[in-house]
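Numbering (the numbering used here), first residue to last: 1 to 255. Each residue gets a CB set at the ideal place from its N, CA and C atoms; glycine is no exception. Presented below is the structure to which this report refers.
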Ligand SMILES: [Zn+2]
């Protein structure tokens, strides 16, 4: 089962890379076949096997001999390991399902937001629907609606932060994708007593995660824009994994 989790993770990881890199360019990822980035030869099925095809081809295209981007190999391994670790940690549970949705979305957003400063709508919509369905099986209809309400509250909260931020800095302070992402965070964390507060902790935590990157990009790259989505979704995935620890932290501060 652990090996299966890794293989499924690696295959989906290679799909997420396609979603994150080709969907923002408005390419049809369902009908268009995978091609070499250099010579555009349509790849055969055995050239698409994650990780292994990269190793056996020694990182080079069989047709033109150009290097295959190492990001394929890296994303496939990371995705495989995350799926494997989740199975080890959760077993076959609904929490594992939520974890997989969050991890998948994290990978896609990392790729598209770092590369193009874009958070795509379609992965957000699909993840949102999957999380709501999982909530239904986890806590029933009432709990599901409660999770949706928490999602909407966090969305509105972040929207207000954006309006205030836009006024203060006199420019766009937060992207639309970051605000929509808050709905997803609210739904995934937002049932039980501390849902909304966990959402707020996630937002604060994400700012800390983004800080080193922000400082580096201001001083080294001289850029004053930063993709915030990857840090936001990574923070929510970490809070979800250690939800009991974060809940205890919350109780500590509330007393
Ligand atoms: Zn080629």
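Distance cut-off 6 Å: residue i Cβ against heavy atoms of ligand 1
| i | result |
| --- | --- |
| residue 325 | Shown here, the chain extends from 1 to 255; a query on residue 325 therefore has no answer. |
| residue 72 | no |
| residue 182 | no |
Element boundaries [alpha helix (DSSP H), containing residue i]
| i | result |
| --- | --- |
| residue 93 | No alpha helix (DSSP H) contains residue 93, which DSSP labels as neither H nor E. |
| residue 145 | 121 to 169 |
| residue 16 | 2 to 22 |
| residue 230 | 229 to 241 |
Assigned secondary structure, residue i (DSSP; H/G/I helix, E/B strand, else coil)
| i | result |
| --- | --- |
| residue 67 | strand |
| residue 60 | strand |
| residue 48 | coil |
| residue 221 | coil |
| residue 194 | coil |
| residue 175 | coil |
| residue 26 | coil |
| residue 118 | coil |
| residue 105 | helix |
| residue 226 | coil |
Beta-bridge partners of residue i, as assigned by DSSP
| i | result |
| --- | --- |
| residue 42 | 35 |
Stretch pair the segment 76 to 83 + the segment 117 to 130: three plus CB contacts closer than 8 Å:
no
| Any contact of the segment 90 to 101 with the segment 215 to 225, i.e. 3+ C-beta pairs under 8 Å? | no
Is there contact here, the segment 207 to 223 with the segment 161 to 171, by at least three beta-carbon pairs under 8 Å?
-> no
Query raised in the report: Between the segment 21 to 32 and the segment 41 to 50, do at least 3 Cβ pairs fall closer than 8 Å?
Result: no
For the pair the segment 185 to 202 and the segment 228 to 242, tell me if three or more CB-CB distances fall below 8 Å. yes
- Task: Decide yes or no for the touch test of the segment 122 to 142 against the segment 246 to 253: beta carbon pairs closer than 8 Å, at least 3 of them.
- Result: no
Item to complete: Check whether the segment 104 to 111 touches the segment 134 to 154, counting contact only when three or more Cβ pairs, one atom from each stretch, lie closer than 8 Å.
Response: no
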